[in-house]
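Residue numbers (my numbering): 104 to 288.
Virtual Cβ for every residue (Gly too), placed ideally from N, Cα, C.
Since the structure is predicted, the reported quantities are computational estimates derived from the model, not experimental observations.
Here is the structure we will look at.
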């Protein structure tokens, strides 16, 4: 089974949040017996779409009028665990290994915006980290339901020529290292 991930636009997220805010007084989540959510478009306190809460795997606690916090009781077939994506082999358009996922880039709303791929090197030594939008990846499930491979429509050469991904911590460290030394008093 192949699943394509696309980026959620911020406007769509805002629309879902606004639509959900209007229906927050009604129960927004599936009942413990697995019924469909009562209010379409309702969101949890964290801004997540409550109508997407997994009910097929297990029950989700019903929201009260005073609490819109939701809990997941299991993973659905369309969801991926980050621990299974990190370290997964990435293959190019020719189905040959080009690297592995080393990290995920999350946006302020919690959506996965990008994947950092370690390209080149040997056992992590000398590898270059590049980031691609998460929507450009195709995650392929194996027959056992686990991640078989992650496909990107780029070659190893294209990834090696891409700009190196630099984390915020690395950017700050570089900026601090380039500051002139302060004279001692």
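Item: If you measure between the beta carbons of residue 250 and residue 191, is that distance less than 8 Å?; Value: yes
Item: Tell me whether the beta-carbon of residue 253 lies closer than 8 Å to the beta-carbon of residue 271.; Value: no
Item: Mapping the DSSP letters down to three states, classify residue 237 as helix, strand or coil.; Value: helix
Item: Just to confirm the assignment, what range does the alpha helix (DSSP H) spanning residue 214 have?; Value: Premise fails: residue 214 is in no alpha helix (DSSP H) and is neither H nor E.
Item: Identify, in the order they occur along the chain, each residue of the same chain with its Cβ nearer than 6 Å to the Cβ of residue 164, setting aside the five sequence neighbours on each side.; Value: Bear in mind that the predicted position of residue 164 carries a pLDDT of just 46, short of 50, making it too unreliable to give a figure here.
Item: Go to residue 275, then tell me how far its alpha helix (DSSP H) extends in each direction, as first and last residue.; Value: 271–281
Item: Does DSSP put residue 127 in a helix, a strand or coil?; Value: A caution first: residue 127 carries a pLDDT of 36, below 50, which makes its placement in the model too unreliable to give a value.
Item: Can you tell which of 223, 180, 261 has the C-alpha that lies nearest to the C-alpha of residue 247?; Value: 180
Item: Roughly how many whole angstroms lie between the Cα atoms of residue 243 and residue 287?; Value: 58 Å
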